[in-house]
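Chemist: Numbering (the working numbering), first residue to last: 738 to 849.
We treat Cβ as the ideally placed atom computed from N, Cα and C, and that holds for glycine.
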């Protein structure tokens with residue numbers, strides 16, 4: 738249960754805090770999105786394999802550009818940073834689908 742101090746925070750505080758945390762995390766400064774930084778488990782690798790080619794090419798471009806910026810120890814101009822509002826979790830539906838299928842296979846193997 739939340740403490741009284743947390744309950745008394747102003748209504749827009751969490752949105753402001755999320756935006757601040759997103760901007761200070763660093764990955765947005767080199768043009769990456771949240772899903773570009775995921776640890777590549779088997780589920781994530783399968784989800785990446787299922788991504789449409791255009792989305793995969795965009796992801797690869799962002800990652801290559803981020804490596805180049807990192808190697809030169811520079812960041813993008815502020816107007817090119819990935820914004821919190823624009824960061825869609827493009828890989829999430831694919832990961833959920835893969836996880837459901839994996840669990841279904843495990844249940845099938847366990848029961849039959």
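#1: For residue 799 and residue 819, what's the separation of their Cα atoms in angstroms?
#2: Who are the Cβ neighbours of residue 777 in its own chain at under 8 Å, not counting the five residues just before and after it?
#3: Can you look up residue 767 in the DSSP assignment and give me helix, strand or coil?
#4: If you draw a straight line from the alpha carbon of residue 837 to that of residue 796, how long is it in whole angstroms?
#5: For residue 783, tell me which candidate among 830, 812, 752 has the shortest Cα-Cα distance.
#6: With a Cβ-Cβ cutoff of 8 Å, do residue 768 and residue 817 count as a contact?
#7: Which residues mark the beginning and the end of the alpha helix (DSSP H) in which residue 805 is found?
#8: Measuring alpha carbon to alpha carbon, tell me which residue in 802, 761, 827 is nearest residue 789.
#9: In terms of residue numbering, what span does the alpha helix (DSSP H) encompassing residue 832 cover?
Modeler: On the basis of the coordinates in this document:
#1: What you label residue 799 is simply residue 62 of the chain shown in a count that begins at 1. What you label residue 819 is simply residue 82 of the chain shown in a count that begins at 1. Answer to the nearest angstrom: the Cα atoms are 10 Å apart.
#2: For the purposes of this step, residue 777 is taken as the residue at position 40 of the chain shown. Within the same chain, residue 777 has close Cβ partners 785.
#3: Taking the chain shown and counting its residues from 1, one reaches residue 767 at position 30. Of the three classes helix, strand and coil, the one that applies to residue 767 here is helix, per DSSP.
#4: In the chain shown, counting from the first residue as 1, residue 837 sits at position 100. In the chain shown, counting from the first residue as 1, residue 796 sits at position 59. Each residue's Cα considered, the two are about 24 Å apart.
#5: Counted from its first residue, the chain shown places residue 783 at position 46. Residue 783 has its Cα closest to that of 830, out of 830, 812, 752.
#6: Looking up residue 768 in the chain shown gives position 31. Looking up residue 817 in the chain shown gives position 80. Contact: yes.
#7: Position 68 of the chain shown, counted from the start, is the residue given in the question as residue 805. Under the DSSP assignment, residue 805 falls in the alpha helix (DSSP H) whose first and last residues are 790-808.
#8: To locate residue 789, count along the chain shown from 1; it is residue 52. If we check each option's Cα against that of residue 789, 827 comes out closest.
#9: On the chain shown, position 95 is the one that residue 832 refers to. That run of the alpha helix (DSSP H) goes 829-848.
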